[in-house]
Amino acid sequence: MKMESYLAKEEKFNRTTEPHSLPIYPTSSFKFDSIDEGIDLFENPSKGHVYGRYGNPTIEAVAQKIANLEAYELDLDPFGIMVSSGMAAISTLTMGIMKAGDTLLTQYDLYGGTSYLFQNFLTKFGINIIAVDFSDIEQVQNVIESEKSIKMLYCETPANPTMKCIDLSFLASLCKKNDIICAVDNTFSTPYIQQPFKYGFDFVIHSTTKFINGHGNAVTGVIIGKNKKDYDVIWDAMKVLGTNCNAFDAWLVNNGIKTLAIRMERHAHNALELAKRLEGMKEVQRVNYPFLQSNSSYHIAKSQMKNGGGILSFELYGGMEKGINFMNSITLPSLAPTLGNIDTLVVHPASMSHRNVPKDIRLKYGITDGLIRISVGIEDIEDLFHDLAKAIQ
Ligand SMILES: Cc1ncc(COP(=O)(O)O)c(C=O)c1O
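Sequential numbering of the sequence shown, starting at 303, is according to our numbering.
Here you go:
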């Protein structure tokens with residue numbers, strides 16, 4: 303063989319000693335020893351890897367780890383499929399499960415991108431969307447009993463950015479009784495704080511871009527099913543929609559996961575302390591944080607969350623103008639349209655994450671022009687409060 307030919311070939315690598323930390327597999331395909339092995343793998347994908355869009359060892363290890371966390375100490379056989387973003391998780395799940403003529407029952411106060419996907423995109427494929435207030439038990443029961451085409455219920459708790467929590471146990475039991483698949487976005491809580499499978503949910507999705515990664519250096523998402531029997535339908539959708547994750551981002555998420563517990567404890571400790579202090583300031587009209595006793599979701603949150611998580615939102619007297627002045631006066635947190643990083647991040651939902659939500663719906667669900675969302679980081683609480691209080695004043 304000439305050197306030119308040898309240069310183009312891959313050398314066999316030694317797999318005899320297992321690496322201590324997860325390797326990255328940056329490969330678009332996998333090699334077969336024979337045509338028979340190739341055919342076998344195409345026919346039985348669980349036996350090995352074929353093509354990068356279908357699966358990759360790095361990505362699958364991380365997906366299974368998150369699935370195991372969601373099912374931690376529960377008697378389940380969960381699976382996880384990592385995809386390219388939180389939005390990819392939501393679109394893959396809903397498009398994988400639903401067909402034209404089916405109805406998706408959801409809420410108004412969702413992450414803005416999710417609302418946009420449901421109202422402006424899934425509807426193009428003949429999927430009907432009904433949005434309700436999931437805390438209005440009577441309304442939810444009436445809709446479910448009268449609308450027989452509801453195939454799936456999709457919710458978010460705590461909701462972005464109102465921090466309203468909904469009763470997972472109530473919704474899951476209602477869905478079970480009426481043969482409806484239920485799915486929840488658990489991005490704000492992570493499985494460390496809240497495990498929706500415990501209450502009977504069928505699917506959990508995450509934007510792993512957020513707390514699960516925790517360091518703001520990867521955009522990824524994950525779909526977790528509580529039963530491996532549902533794997534094929536979601537995997538099939540991921541494969542044909544091409545929403546697969548990339549190995550490097552999955553690897554970054556894997557690094558972040560290892561500190562999830564200590565990060566979530568610190569985020570929640572700082573957020574609760576900040577929420578209490580902000581509530582005591584005369585310039586602040588309202589603070590939304592699930593573990594504040596004044597919060598309308600307090601009892602539901604306490605019953606299903608280990609702590610209140612790292613996000614709060616608040617409104618200053620003086621609306622939009624005061625809000626903008628505040629945002630321009632902070633120095634320690636960053637103005638950045640994401641959440642769940644180790645450093646504190648501040649956004650203005652009306653002009654950023656929820657800019658595509660119609661104003662009347664936004665206002666109806668408390669996403670006012672002056673609302674500010676803080677993803678509370680792990681900094682020293684005195685430094686953080688000092689900076690925010692100075693900006694407020
Ligand atoms: C609660 C929630 N779900 C889903 C998403 C979408 O995630 P991604 O940006 O990773 O697509 C976001 C994004 O901010 C979010 O806040």
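Each residue gets a CB set at the ideal place from its N, CA and C atoms; glycine is no exception.
For this session: Could you spell out the range, first to last residue, of the beta strand (DSSP E) harbouring E585?
Result: As a working note, residue 585 is residue 283 in the sequence shown. It is not in any beta strand (DSSP E) - E585 carries neither H nor E in the DSSP assignment.
For this session: Spell out a yes or no on whether the stretch 480-494 and the stretch 450-468 are touching, meaning 3 or more CB-CB pairs, one atom from each, closer than 8 Å.
Result: yes
For this session: Put H571 into one of helix, strand or coil per three-state DSSP.
Result: Counting from 1 along the sequence shown, the entry for residue 571 is found at position 269. If DSSP states are grouped into helix, strand and coil, H571 belongs with the helices.
Exercise. Measuring from the CB of N658, is there a heavy atom of ligand 1 at a distance below 7 Å?
Worked result: Translated into positions along the sequence shown, residue 658 becomes position 356. N658: no, Cβ never under 7 Å from ligand 1.
For this session: Using only the heavy atoms of ligand 1, determine whether one of them is closer than 7 Å to the beta carbon of V506.
Result: On the sequence shown, position 204 is the one that residue 506 refers to. V506: no, Cβ never under 7 Å from ligand 1.
Exercise. Which whole-angstrom value describes the C-beta separation of N398 and I536, a residue pair presumed to lie in contact below a C-beta threshold of 8 Å?
Worked result: In the sequence shown, counting from the first residue as 1, residue 398 sits at position 96. In the sequence shown, counting from the first residue as 1, residue 536 sits at position 234. Sequence inspection shows Gly at residue 398; the Asn mentioned does not correspond to that position. So it is a contact: roughly 5 Å between Cβ atoms.
Problem set entry | Cα-Cα separation between I680 and N556, rounded to whole angstroms | As a first step, residue 680 must be located in the sequence shown, where it is residue number 378. As a first step, residue 556 must be located in the sequence shown, where it is residue number 254. Rounded to the nearest angstrom, the two C-alpha atoms are 20 Å apart.
Exercise. Whose C-beta lies closer than 6 Å to the C-beta of I683 among residues of the same chain, with five residues either side of it excluded?
Worked result: Start at 1 with the first residue of the sequence shown, and residue 683 comes out as number 381. Result list for I683: N572, E575, in chain order.
For this session: Counting only the same chain and skipping the five closest in sequence on each side, list residues whose C-beta sits under 7 Å from that of C547.
Result: Against the sequence shown, residue 547 aligns to sequence position 245. The answer, listed in chain order, is I361, M384, V385, S386, T522.
Problem set entry | Any non-hydrogen atom of ligand 1 closer than 7 Å to L647 Cβ | Taking the first residue of the sequence shown as 1, we reach residue 647 at position 345. No - ligand 1 has no heavy atom lying nearer than 7 Å to the Cβ of L647.
Problem set entry | Proximity of A433 and T416 at Cβ, strictly below 8 Å | As a working note, residue 433 is residue 131 in the sequence shown. As a working note, residue 416 is residue 114 in the sequence shown. Contact: no.
Problem set entry | Residue range of the beta strand (DSSP E) that includes G527 | Locating residue 527 in the sequence shown gives position 225, counting from the first residue. Run containing G527: 523-527, per the beta strand (DSSP E) assignment.
For this session: Out of I694, T561, L673, state which residue places its alpha-carbon closest to the alpha-carbon of T464.
Result: Reading the sequence shown from its first residue, position 162 is the one you call residue 464. If we check each option's Cα against that of T464, L673 comes out closest.
For this session: Taking only heavy atoms of ligand 1 into account, decide whether any of them is closer than 7 Å to the Cβ of D379.
Result: Here residue 379 refers to the residue found at position 77 of the sequence shown. Checking the Cβ of D379 against ligand 1 gives no.
Exercise. Between which two residues does the beta strand (DSSP E) containing M384 stretch?
Worked result: On the sequence shown, residue 384 is found 82 positions in, with the first residue counted as 1. Note, M384: beta strand (DSSP E), 381-385.
Exercise. Thinking C-beta only, is V649 closer than 8 Å to P698?
Worked result: Past the edges of the chain, shown from 303 to 695, lies residue 698, and the structure says nothing about it.
Problem set entry | Rounded C-alpha distance that separates T698 from G354 | Since the first residue of the chain shown is 303 and the last is 695, residue 698 is not available in this structure.
Exercise. Is it buried or exposed for A563, if we count other Cβ within 10 angstroms and need 16 for buried?
Worked result: Taking the sequence shown and counting its residues from 1, one reaches residue 563 at position 261. Classification for A563: exposed.
Exercise. Is any heavy atom in ligand 1 found nearer than 7 Å to the beta carbon of F513?
Worked result: Locating residue 513 in the sequence shown gives position 211, where the first residue counts as 1. Flag unset: Cβ of F513 not near ligand 1.
For this session: Rounded to whole angstroms, what's the CA-CA distance from L455 to L406? Just pull it up for me.
Result: Residue numbering aside, residue 455 sits at position 153 when the sequence shown is read from its first letter. Residue numbering aside, residue 406 sits at position 104 when the sequence shown is read from its first letter. Cα to Cα, L455 sits roughly 6 Å from L406.
For this session: Starting from I482, follow the beta strand (DSSP E) in both directions and report where the run begins and ends.
Result: Mapped onto the sequence shown, residue 482 falls at position 180. From DSSP, I482 is part of no beta strand (DSSP E); its letter is neither H nor E.
Problem set entry | Backbone CA spacing between S448 and D504 [nearest angstrom] | Residue 448 sits at position 146 when you count from the first residue of the sequence shown. Residue 504 sits at position 202 when you count from the first residue of the sequence shown. Approximately 22 Å between the Cα atoms of the pair.
Exercise. What's the gap between the Cα of K692 and the Cα of K584?
Worked result: As a first step, residue 692 is located in the sequence shown; it is residue number 390 there, counting from the start. As a first step, residue 584 is located in the sequence shown; it is residue number 282 there, counting from the start. Going from the Cα of K692 to the Cα of K584 covers about 13 Å.
Problem set entry | the stretch 464-481 in contact with the stretch 590-598 per 3-pair CB rule at 8 Å | yes
Problem set entry | I507 beta carbon less than 8 Å from that of K608 | Translated into positions along the sequence shown, residue 608 becomes position 306. Translated into positions along the sequence shown, residue 507 becomes position 205. Contact flag unset, no.
For this session: Please find out if some non-hydrogen atom of ligand 1 comes closer than 7 Å to the beta-carbon of E458.
Result: Your numbering for residue 458 matches position 156 in the sequence shown. The answer is yes for E458.
For this session: Could you work out which residue in E312, I368, F344 is closest to K528 when comparing CA atoms only?
Result: Indexing the sequence shown from 1 puts residue 528 at position 226. The option with the nearest alpha carbon to K528 is I368.
Exercise. Taking buried to mean at least 16 other C-beta atoms within 10 Å of its own C-beta, is G582 buried or exposed?
Worked result: In the sequence shown, residue 582 corresponds to position 280, counting from 1. Under this definition G582 is an exposed residue.
Problem set entry | For H259, the residue or residues it bridges with in DSSP | The first residue shown for the chain is 303 and the last is 695, placing residue 259 beyond what the model contains.
Exercise. Which of the three DSSP states, helix, strand or coil, is assigned to T394?
Worked result: The residue given as residue 394 occupies position 92 in the sequence shown. Helix at T394.
Exercise. Would a C-beta distance cut-off of 8 Å place T545 and G516 closer than the cut-off?
Worked result: Here residue 545 is taken as the residue at index 243 of the sequence shown, counted from 1. Here residue 516 is taken as the residue at index 214 of the sequence shown, counted from 1. Their beta carbons are not under 8 Å apart, which means T545 does not touch G516 by this criterion.
For this session: Going by CA-CA distance only, name the one from Y619, V659, Q497, P347 that's closest to L376.
Result: By one-based count along the sequence shown, residue 376 stands at place 74. Nearest of Y619, V659, Q497, P347 to L376, Cα basis: Q497.
Exercise. Taking 7 Å as the line, does the beta carbon of G388 fall inside it for any heavy atom of ligand 1?
Worked result: Locating residue 388 in the sequence shown gives position 86, counting from the first residue. Checking every heavy atom of ligand 1 against the Cβ of G388, one is found closer than 7 Å.
Problem set entry | For L562, the three-state DSSP class (helix, strand or coil) | Residue 562 sits at position 260 when you count from the first residue of the sequence shown. Of the three classes helix, strand and coil, the one that applies to L562 here is helix, per DSSP.
For this session: Along the alpha helix (DSSP H) that carries V442, what are the first and last residues, could you check?
Result: Here residue 442 refers to the residue found at position 140 when the sequence shown is read from its first residue. Where V442 is concerned, the enclosing alpha helix (DSSP H) stretches over 439-448.
For this session: For R657, name the three-state secondary structure that DSSP assigns.
Result: What you label residue 657 is simply residue 355 of the sequence shown in a count that begins at 1. Note: R657 maps to coil in three-state DSSP.
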